[in-house]
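Visitor: Reminder that position 31 of the sequence shown reads as 298 in our numbering, one-by-one numbering, no gaps.
In this text, a Cβ means the ideal position worked out from N, Cα and C, and glycines have one as well.
Because the structure is a prediction, the values reported are computed rather than measured.
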Amino acid sequence: LSNLNEFYTFDNFIVGDGNQFSYNISLSVAQNPGKKYNPLFLYGGSGLGKTHLMQAIGHYILQQNPNTKITYVTCETFLNDFINNIIREKNNNEFRRKYRDVDVLLVDDIQFLAGKEKIQEEFFHTFNHLYSLNKQIVITSDAPPTELSKLTERLISRFSWGIITDMQPLDIETRIAILNKKVEMLNSDEYFPSDVIEYVASQFELNVRELEGGLNRVLAYASIYGARDINLDLAVEALKGFSKKSSEKMSILRIQKIVAKYFQISVEDLQSKTRKQPLTTYRQIAIYLCKELTDNSLQKIGQNFGKRDHTTIMHAVDKIEELRKKDKEIDALIHELKNQL
Ligand code: ADP
Ligand code: MG
């Protein structure tokens, strides 16, 4: 009886480095609703699985206890319900019932509340009501609470009462696993050779929705052109000019340009052999982003950074990875750069 997408379960969610922590936390929330992490605030770029995980929590709780009252809404629905029931009809019973008489409230894409004060206020009261009754609240957003500057302080501070966790882009192995799962679920007669799967996975790095779209496109292409079987040539043809990661878009040079601009240095500085600080750290950050966001080998990346060898590149990647864990500011900075890319 819920409006959850039946496919968005934990079982159908593939876990990789970029979403492991969020997955574990979500599972823990589902196992201890209202008790362990409340609220849960999930954020990350578009198409990285926030809605999927949030609904998986709902499914899980319902499975444990089918009588649980769960409301899943996008922020827009919340807004519309608010307008309809309170402003237009001056009758907020229905609204109250839907949002306050629940055990679990899932609110998707909270960033849409930005700048809308009346509805923020309503949400604030809804939140307080549920929170005081130990009802589980889960919120998703495209940005961390601190970056939701057009949300009132008191809401932002409440979001930090529980746990905040993020979803990051997935590595190639995880993307391949997602595609394999998807192929399995498609239950189609078509056979997808592994090189086709790998090719599709390599073309969509930042958004699982687009990754799945890429697979569908290959399938549609094969069907429309009556291909006898799906092979690499066909996949390349199908995704021509369509994939998000056209090499131009996420090239080493593009990353170098963005990083150089951000730190107000030149691309030549990044490519030079100079080992002065802070330039060395800036370069390591650029190298890290190249490793993470492009499919270039360590060697290839090294060539583009002053002919450094692959061990130096590996060292830079490790170093920034460490720094990200220890230093929140560096972590935020990497986020910011990724956003700009
Ligand atoms: P978001 O809400 O972050 O924009 P969604 O949850 O809507 O992203 O995910 C987009 C699509 O990608 C959905 O079809 C979802 O099932 C799928 N998806 C995302 N991450 C995963 C994953 N780790 N495993 C399987 N499918 C995923
Ligand atoms: Mg979503």
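For I404, write down the residues that DSSP places opposite it in a beta bridge.
Guide: I404 is bridged to L372.
Visitor: So, for L346: in the same chain, excluding its five sequence neighbours on each side, which residues have a beta-carbon less than 6 Å away from its beta-carbon?
Guide: Only I386 meet the Cβ criterion.
Visitor: The alpha helix (DSSP H) spanning L604 covers which residue range?
Guide: That run of the alpha helix (DSSP H) goes 595-607.
Visitor: Tell me which same chain residues have a C-beta within less than 7 Å of the C-beta of A502, skipping the five on either side of it?
Guide: Once the five neighbours on either side are set aside, the close Cβ partners of A502 are V463, Y466, V467, V485.
Visitor: If you run the structure through DSSP and keep just helix, strand and coil, what is Y290?
Guide: If DSSP states are grouped into helix, strand and coil, Y290 belongs with the helices.
Visitor: Would you identify the three-state DSSP class for L307, choosing helix, strand or coil?
Guide: L307 falls in the strand class under three-state DSSP.
Visitor: If you draw a straight line from the C-alpha of Q470 to the C-alpha of K574, how long is it?
Guide: Whole-angstrom Cα-Cα distance: 27 Å.
Visitor: May I ask you to list the residues that DSSP assigns as paired with I431?
Guide: Bridge partners of I431: F308.
Visitor: If contact is defined by three or more beta carbon pairs under 8 Å, each pair taking one atom from either stretch, is the stretch 426-442 in contact with the stretch 310-323?
Guide: Yes, they touch.
Visitor: Just to confirm before moving on: does the CB-CB distance between G429 and Y555 stay below 9 Å?
Guide: The answer is no: Cβ separation not under 9 Å.
Visitor: Among residues of its own chain, excluding the 5 on either side of F530, which ones have a beta-carbon nearer than 7 Å to its beta-carbon?
Guide: Excluding residues within five positions, the ones whose Cβ falls inside 7 Å are Y549.
Visitor: Which value, in whole angstroms, describes the spacing of the CA atoms of N286 and Q544?
Guide: Near 33 Å, if we compare the C-alpha coordinates of Q544 and N286.
Visitor: When every heavy atom of the ligand MG is checked, does at least one fall within less than 8 Å of the C-beta of T222?
Guide: With the chain represented from 268 up to 608, any question about residue 222 goes unanswered, as that position is not in the structure.
Visitor: Closer than 7 Å by C-beta to L294: which residues in its own chain qualify, once you throw out the five before and the five after it? Chain order, please.
Guide: Same-chain partners within the cutoff: F277.
Visitor: Grab the span of the beta strand (DSSP E) containing Y339 for me, first residue to last.
Guide: First-last of the beta strand (DSSP E) with Y339: 337-341.
Visitor: Can you tell me whether N360 is helix, strand or coil according to DSSP?
Guide: Helix at N360.
Visitor: Determine, using beta carbons only, whether D409 comes closer than 9 Å to chain D.
Guide: Among the chains in the structure shown there is no chain D, since it carries only a single protein chain.
Visitor: Grouping DSSP H, G and I as helix and E and B as strand, with all else coil, what is I532?
Guide: DSSP places I532 in coil when its eight states are reduced to three.
Visitor: Looking at V296 and the ligand ADP, is the gap between the Cβ and the nearest heavy atom below 8 Å?
Guide: Every heavy atom of the ligand ADP is 8 Å or more from the Cβ of V296, so no.
Visitor: For S399, which of G325, D368, A583, V584 has the nearest alpha-carbon?
Guide: It is D368.
Visitor: Once DSSP output is grouped into helix, strand and coil, what is the label at P411?
Guide: Coil at P411, not helix or strand.
Visitor: Kindly provide the ranges of any alpha helix (DSSP H) runs that are 4 or more residues long and lie completely inside the stretch 445-504, ordered along the chain.
Guide: Within the stretch 445-504, the complete alpha helix (DSSP H) runs of at least 4 residues are 461-470, 475-491.
Visitor: How many angstroms separate the CA atom of K493 from the CA atom of I445?
Guide: A small correction: the amino acid at residue 493 is Gly; Lys does not occupy that position in the sequence shown. Approximately 26 Å between the Cα atoms of the pair.
Visitor: Quick one: Cα of L604 to Cα of I587, how far?
Guide: Spanning the two alpha carbons is a distance of roughly 14 Å.
Visitor: State the CB to CB distance for the pair L560 and I580, rounded to an integer number of angstroms; the pair is presumed to be in contact (CB under 8 Å).
Guide: With 8 Å as the limit, L560 and I580 do not qualify as a contact, their Cβ atoms being about 14 Å apart.
Visitor: Are the beta-carbon atoms of L546 and D536 separated by less than 9 Å?
Guide: Contact flag set, yes.
Visitor: Considering only the alpha carbon of each residue, which of F362, T344, E343 lies closest to N352?
Guide: Measuring from the Cα of N352, the nearest candidate turns out to be F362.
Visitor: So is L609 buried or exposed if we call it buried at 16+ other beta carbons inside 10 Å?
Guide: With the chain covering only 268 through 608, there is no way to say anything about residue 609.
Visitor: Consult DSSP for D585 and reduce its assignment to one of helix, strand or coil.
Guide: Three-state DSSP puts D585 in a helix.
Visitor: Taking 8 Å as the cut-off, is the CB of F274 close to at least one heavy atom of the ligand ADP?
Guide: Checking the Cβ of F274 against the ligand ADP gives yes.
Visitor: Taking the alpha-carbon positions, what's the S533 to N606 distance?
Guide: Looking at the two C-alpha atoms, the distance is approximately 20 Å.
Visitor: From F391 to T344, what distance separates their C-alpha atoms?
Guide: Spanning the two alpha carbons is a distance of roughly 16 Å.
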